[in-house]
Amino acid sequence: MTAQTPPTPPFRDPQLPFAKRIDDLLARLTLDEKVGFLHQYAPAVERLGVAAFRTGQEALHGVAWMGPATVFPQAVGLGATWNEELVRRVGEAVSKEARAMRARDDRVGLNVWSPTVNLLRHPLWGRNEEGYSEDPKLTSAIATAYTRGLRGDHPTYWRTAPVLKHWLAHNNETGRDVSSSSVRPRVLHEYDLRAFRETVEAGAVAGVMPAYNLVNGRPNHVSPYLREHLRTWTDEDLLVCSDAGAPSNLVDSEHYFDTHEEATAASLLAGVDSFTDHGTDSSTIVARIQGALEQGLLTEADIDAAVRRQLSVRFRLGEFDPAHDPHAGIEDFDTPAHRALAQEAAEQAVVLLKNDDDLLPLAHDTRLAVVGLLADECKLDWYSGTLIHRSTPLEGLYERFGAERVEFAEGVDRVRLRTSQGTFLHVPLTEVADEVRGAEGALDPALLAGRTDLPPLTTDSTGTELALVDWGEGVLTLRAPDGRYLSVAEDGYVRASADQPGGWVVQETFRLEPHGNGHLLLHIGTGRHVSVAADGVKVAEEGAETFELVVVERGEDAVTRVAVAADVVLVVAGNDPHINGRETEDRTTLRLPAHQERLLRAARAANPRTALALASAYPYTVDPAALPAILWSAHGGQAAGTALARVLAGDVSPAGRLPQTWYADDTDLPGLLDYDVIGGRQTYLYFEGAPLFPFGHGLSYASFSYGDLTARAELGAVHVRFTVTNTGDVTADEVAQLYTRAADPSVPRPRRELTAHRRVTLAPGEQAELSFELPLSAFEFWDVARGGPRLEPGRYDLLVGASSEDIRLRTAVALDGEPAAPRAVLQHGLDAADFDEQSGGEIVDRTKAAGGAVTPVRGGTAELVYRHCDFGAGVTEVTVEVAGEGVVELSLDGGPALAELALPAPASGPYDYTTLGAGIVAEGVHDVRIGLRGPLRLAHVGFSG
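Heads up, the numbering used here is the position in the sequence shown plus 237, with the first residue counted as 1.
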């Protein structure tokens, strides 16, 4: 007899819907197998032929961490293009390279953790480079384009599965795992949620990653917003992946739960489906989940819900249908098309901030001095791949203008370090081959070790001349003549071994500390001082050497020497993305580092025809008065130098636009932890000062006129139409921007708000007619009195122009809406967090599971204002739901206190609420003012009588 072929299990049947196939596979998995799936590294189930699976592959602007790949401009640079179609093509290229790389290295994942849609609210945020814009509309437009490119356009199978980062209200690295963002309902709905929502609703998102921080006193990894908002925006199963180590933070640093079993259960119930913790070792997370099951904190149904969402992504990626996966054979890697796209993206990201006297573009025969610390650099960041191709500004200008017409001075300080014994630090000669950090790829590049195959530094009578750069705040790098940076490996020896500063803990930065008649040299990465021993130079707890810094040449002297003879000087300044402003480290100032300011001053003093090109991950404040031309680009990836040279030469007219406000001074900035963009008057939406350069700003080598603006409201939308004409003499792109504002709002509304934009290419004399359809929801605000969005009736201005401040055309439309209604406090009372205005308070968690309360900052005093509260025919009693210790005071319309309710010293915890009452007399409509004194939490105010 012939043995029968076993029937194909339903989960392997491509003719069945994914939901039925997932049901079948779930039913076949044991509970232990399903629990194993909840760690980032899900093991294989060999008895079912199910492969191992890893969530997470960084792909912010190219496939990262896995070795060589095409490197596109940083995310903030892609945001500066204001070009959704370009960004979609970048996403498509990145996802194709991910597929091609996975075909030869199965460590490469297809569940990509990008893009980052955190809004660039504060320019000192260390991770500014990862976001697209301070504006939610522009952010969602660019993020949607990128996710569509990553996903692909096949109706069933996804090329990669993008996960949005980092949910929610996350703009600080300082104390990022313990700080709480106080986000009132209007800011939550009009600002922070909006970028996520519009991107998810577009349909190309596979999931989100919660952020390390807390929002309103509750960690994002147990946020009820995942359930209340995120999962209501789409019918697709969304996979929520924790950030690395965040599940353990709930107990270890945040102390939000007493046990890891409680914390893990709460995260899973809130909506976290995959736990990224303890690296590749899943045993700790598995043990915690099993403990939670044993304690009755979780059920198997809870496990199934999370596993289902993971399996949904795996099925969409074609894992179970290799014969039907249209993306399985992709081999597109480092193709000519990808190289051209990287250059196109870099060109489109360049923003011309100033161009007096038409200094730019440069004539073809210009004698050019190129100076600055970034002039011959092509910098990468933590989320970059390894460069296959490399173009620095100097290389690009050599290629475009000819090396004979370009002079270069880097501007480093050339120094020797003399020991107390009179000898000098010496870098031994070596013939060991160069290595590029990360070229081999690593699942966790933070674990990459420094090189130990090179000899450590020694001392001798002459020493080695080192290139010293001060990157700001006294953080230095020291580079040997062969281009290698001084670095410290695990054995503690100092070697000239690194191709660039980098790593999770940078091992190439030092600080000179005054000591006696010299300096101690502190190695920042280890926190130890440099010492000189018989077997070489090392870092040690004891025996710190005292060095004398002998300056051979100041950087500004080299700059002056080449600048004085040039027709034009180009100063290339900016940041190293691994130093002073990066993940784990916020900046402290908008100013350029003092070393680079020295070089800029020297160039300007030597030659007034000096242009500044900033290559940076974030805005700077500079004095533009003495500079005829200024450009900015984020770090532009592999083609950055070629792109900048082509813009300077006029081969490409610049058309990048600023995706965030450039403030004139540090004093214009709110506190780093002030997330109230409305009350704090933050971003271009509310900022009332004079920016250095406004949101949306960017100049061109052409000129453009706007005309023929019409607007009409009909069929639930506002239809806007206008023309743009190229009145210049070169073909160029223009980014037409449409803003709206409420003319006479009843509550603070944005000064103007971007509602649409379009980047168009126009030949000289060419005209384009642009039309936009704005849904009426674009004119709504979140009405705290009703707990939902409301379109306020009245006039709305429509502003068309080339930036948020360069408005060329104006018109208005009258919209019908829903008039304001007073708060029905007799029926609903007042939830404390639904204030109209406040001072001195912050929103905290009402309970660990849900809800909000308000407490004075640091136990001080706070005032909350609730406008237009309707007491009807009258009330006789007020009640407050409070916890903690302190006093609640109630008054109406700024009058005397009507009630004062005191809560004595608490006998229990911050979530043990009690209800206090007092008699009052009030009728009609009034503004209610609530004063809080002391470390108490106010959750709710009720009225009766």
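The C-beta atom is built at its ideal place from N, Cα and C for all residues, glycine as well.
Keep in mind the model is a prediction, meaning the values are calculated, not measured.
Original post:
Whole alpha helix (DSSP H) runs in the stretch 1088–1154 with 4 or more residues, listed along the chain?
Top reply: none
Subject >> Beta-bridge pairing of Ser942 - partner residues as DSSP gives them >> reply: Indexing the sequence shown from 1 puts residue 942 at position 705. Ser942 has Thr962 as its beta-bridge partners, per DSSP.
**OP:** Whole angstroms is fine: what's the gap from Val607's alpha carbon to Leu599's?
**Re:** Here the question's residue 607 lines up with position 370 in the sequence shown. Here the question's residue 599 lines up with position 362 in the sequence shown. Their Cα atoms are separated by approximately 13 Å.
Subject >> Closest Cα partner of Asn486 within the set Val550, Leu999, Glu531, Arg413 >> reply: Indexing the sequence shown from 1 puts residue 486 at position 249. Minimum Cα distance to Asn486 is reached at Arg413.
Subject >> Of the listed residues Val1062, Val1102, Ala842, Glu822, nearest to Thr411 (C-alpha basis) >> reply: Taking the sequence shown and counting its residues from 1, one reaches residue 411 at position 174. Comparing Cα positions, the closest option is Glu822.
**OP:** Give the DSSP bridge partners of Asp1068, in chain order.
**Re:** Within the sequence shown, residue 1068 is the residue found at index 831, counting from 1. Partner(s): His1177.
Subject >> Helix, strand or coil at Pro665 according to DSSP, with G and I counted as helix >> reply: As a first step, residue 665 is located in the sequence shown; it is residue number 428 there, counting from the start. In this structure, Pro665 counts as coil in the three-state DSSP scheme.
Subject >> Same chain only: Cβ atoms within 6 Å of His575, ignoring 5 sequence neighbours per side >> reply: Sequence index remark: in the sequence shown, residue 575 carries index 338 (1-based). Closer than 6 Å at the Cβ level, and outside the excluded window around His575, lie Thr307, Ala330.
Original post:
Cα separation between Ala840 and Ala800?
Top reply: As a working mapping, residue 840 is identified with position 603 in the sequence shown. As a working mapping, residue 800 is identified with position 563 in the sequence shown. Using only the alpha carbons, I get a separation of about 6 Å.
Subject >> Span of the beta strand (DSSP E), counted from its first residue to its last, around Val652 >> reply: Mapped onto the sequence shown, residue 652 falls at position 415. Taken as a continuous stretch (DSSP letters only), the beta strand (DSSP E) holding Val652 covers 650–655.
Original post:
From Ala1159 to Arg1104, what distance separates their C-alpha atoms?
Top reply: Indexing the sequence shown from 1 puts residue 1159 at position 922. Indexing the sequence shown from 1 puts residue 1104 at position 867. Their Cα atoms are separated by approximately 15 Å.
**OP:** Within 10 angstroms of the Cβ of Ala1032, are there 16 or more other Cβ atoms? Answer buried if so, exposed if not.
**Re:** Stepping through the sequence shown from its first residue, residue 1032 is reached at position 795. The residue asked about is misnamed: residue 1032 is Arg in this sequence, not Ala. With fewer than 16 other CB atoms across the displayed protein chains lying within 10 angstroms of its CB, Arg1032 is exposed.
Original post:
Three-state secondary structure (DSSP) at Met238?
Top reply: Stepping through the sequence shown from its first residue, residue 238 is reached at position 1. At Met238 the pLDDT is 49, less than 50, meaning the model places this residue with poor confidence and gives no usable figure here.
Original post:
Got a sec? Which residues, its chain only, sit under 6 Å from Tyr730 by beta carbon, not counting five neighbours each side?
Top reply: For the purposes of this step, residue 730 is identified with residue 493 of the sequence shown, where counting begins at 1. Once the five neighbours on either side are set aside, the close Cβ partners of Tyr730 are Pro693, Gly773, Lys775.
**OP:** Taking only the alpha-carbon atoms, compute the straight-line gap between Ala640 and Gly609 and give it to the nearest angstrom.
**Re:** On the sequence shown, residue 640 is found 403 positions in, with the first residue counted as 1. On the sequence shown, residue 609 is found 372 positions in, with the first residue counted as 1. Their backbone Cα atoms lie some 17 Å apart in a straight line.
Subject >> The alpha helix (DSSP H) enclosing Lys374, as first and last residue numbers >> reply: Translated into positions along the sequence shown, residue 374 becomes position 137. 373–388 is the span of the alpha helix (DSSP H), which, as asked, contains Lys374.
**OP:** Starting from the C-beta of Met238, find all residues in its chain whose C-beta is less than 8 Å away, skip the five residues before and the five after it, and write them out in chain order.
**Re:** If you number the sequence shown from 1, residue 238 lands on position 1. A caution first: Met238 carries a pLDDT of 49, below 50, which makes its placement in the model unreliable, though a value can still be read off. So the list is empty, once near-sequence residues are dropped.
Original post:
In chain order, what residues of the same chain have a beta carbon less than 7 Å from the beta carbon of Gly1066, not counting five sequence neighbours either side?
Top reply: Sequence index remark: in the sequence shown, residue 1066 carries index 829 (1-based). Answer for Gly1066: His1177, Val1178, Gly1179, Phe1180, listed in chain order.
**OP:** Can you have a look at Lys257 and say buried or exposed, based on whether 16 or more other CB atoms are within 10 angstroms of its CB?
**Re:** The residue you call residue 257 lines up with position 20 of the sequence shown. By the neighbour-count rule (16 or more Cβ atoms within 10 Å), Lys257 is not buried but exposed.
Subject >> Cα-Cα separation between Arg627 and Val972, rounded to whole angstroms >> reply: What you label residue 627 is simply residue 390 of the sequence shown in a count that begins at 1. What you label residue 972 is simply residue 735 of the sequence shown in a count that begins at 1. Distance between the alpha carbons of Arg627 and Val972 is about 29 Å.
Subject >> First through last residue of the beta strand (DSSP E) which encompasses Ile867 >> reply: Along the sequence shown, read from residue 1 onward, the residue named residue 867 stands at position 630. It spans 866–870 - the beta strand (DSSP E) in which Ile867 sits, taken as one unbroken run.
**OP:** Taking Val420 and Val452 to be in contact with their CB atoms under 8 Å, please state how far apart those CB atoms are, rounded to whole angstroms.
**Re:** Counting from 1 along the sequence shown, the entry for residue 420 is found at position 183. Counting from 1 along the sequence shown, the entry for residue 452 is found at position 215. About 6 Å; that satisfies the 8 Å criterion.
**OP:** Sort out for me which residues DSSP pairs Thr998 with in a bridge.
**Re:** Residue 998 sits at position 761 when you count from the first residue of the sequence shown. In the DSSP output, where bridge partners are listed per residue, Thr998 has Asp970.
Subject >> Beta-carbon proximity list for Pro1059, same chain, < 8 Å, skipping 5 on both sides >> reply: Here residue 1059 is taken as the residue at index 822 of the sequence shown, counted from 1. Closer than 8 Å at Cβ, skipping near neighbours: Ala1022, His1105, Cys1106, Asp1107, Val1162.
Original post:
Can you list the alpha helix (DSSP H) stretches of 4 or more residues lying completely in the stretch 871–907, in chain order?
Top reply: 877–886
Subject >> 8 Å contact criterion, which His276 and Ile540 should meet: CB distance rounded >> reply: Counting from 1 along the sequence shown, the entry for residue 276 is found at position 39. Counting from 1 along the sequence shown, the entry for residue 540 is found at position 303. Contact flag wrong, Cβ pair sits at about 12 Å.
Subject >> Close beta carbons around Gln580, own chain, < 7 Å, minus the five adjacent residues each side >> reply: Counting from 1 along the sequence shown, the entry for residue 580 is found at position 343. So the list reads Ala876, Thr879, Ala880, once near-sequence residues are dropped.
Original post:
Mind checking whether Trp1156 and Glu1100 have CB atoms under 8 Å apart?
Top reply: Locating residue 1156 in the sequence shown gives position 919, where the first residue counts as 1. Locating residue 1100 in the sequence shown gives position 863, where the first residue counts as 1. The sequence given here has Gly at residue 1156, not Trp. Their beta carbons are not under 8 Å apart, which means Gly1156 does not touch Glu1100 by this criterion.
**OP:** Mind reading off the beta-carbon distance from Thr200 to Arg388? Whole number of angstroms is fine, and I expect it under 8 Å.
**Re:** With the chain running from 238 to 1182 in the structure shown, residue 200 is simply not present.
**OP:** Please classify His626: does DSSP put it in a helix, a strand, or coil?
**Re:** Counted from its first residue, the sequence shown places residue 626 at position 389. Under the three-state reduction of DSSP output, His626 falls in the coil class, being neither helix nor strand.
**OP:** Can you say whether Thr436 is buried or exposed, counting buried as having 16 or more other CB atoms within 10 angstroms of its CB?
**Re:** The count along the sequence shown starts at 1 and reaches residue 436 at position 199. Buried is the call here.
**OP:** Could you have a look at Leu323 and say whether DSSP puts it in helix, strand or coil?
**Re:** On the sequence shown, position 86 is the one that residue 323 refers to. Correct three-state label for Leu323: helix.
Original post:
Going by alpha carbons, who is nearest to Glu1126 out of Ala1110, Asp1149, Ser1145, Leu1153?
Top reply: Within the sequence shown, numbered from 1, the residue matching residue 1126 stands at position 889. Checking every option, the nearest Cα to that of Glu1126 belongs to Leu1153.
Original post:
So, helix, strand or coil for Val415, using DSSP?
Top reply: In the sequence shown, residue 415 corresponds to position 178, counting from 1. Correct three-state label for Val415: coil.
**OP:** Assuming Pro891 contacts Leu589 (C-beta within less than 8 Å), just tell me the rounded distance between them.
**Re:** In the sequence shown, the residue the question calls residue 891 occupies position 654. In the sequence shown, the residue the question calls residue 589 occupies position 352. Going by Cβ atoms, the distance from Pro891 to Leu589 rounds to 4 Å, so yes, they are a contact pair.
**OP:** Just mark Asn754 as buried or exposed, buried being the case when its beta carbon has 16 or more other beta carbons within 10 Å.
**Re:** Taking the first residue of the sequence shown as position 1, residue 754 is located at position 517. Exposed, by the Cβ-count rule.
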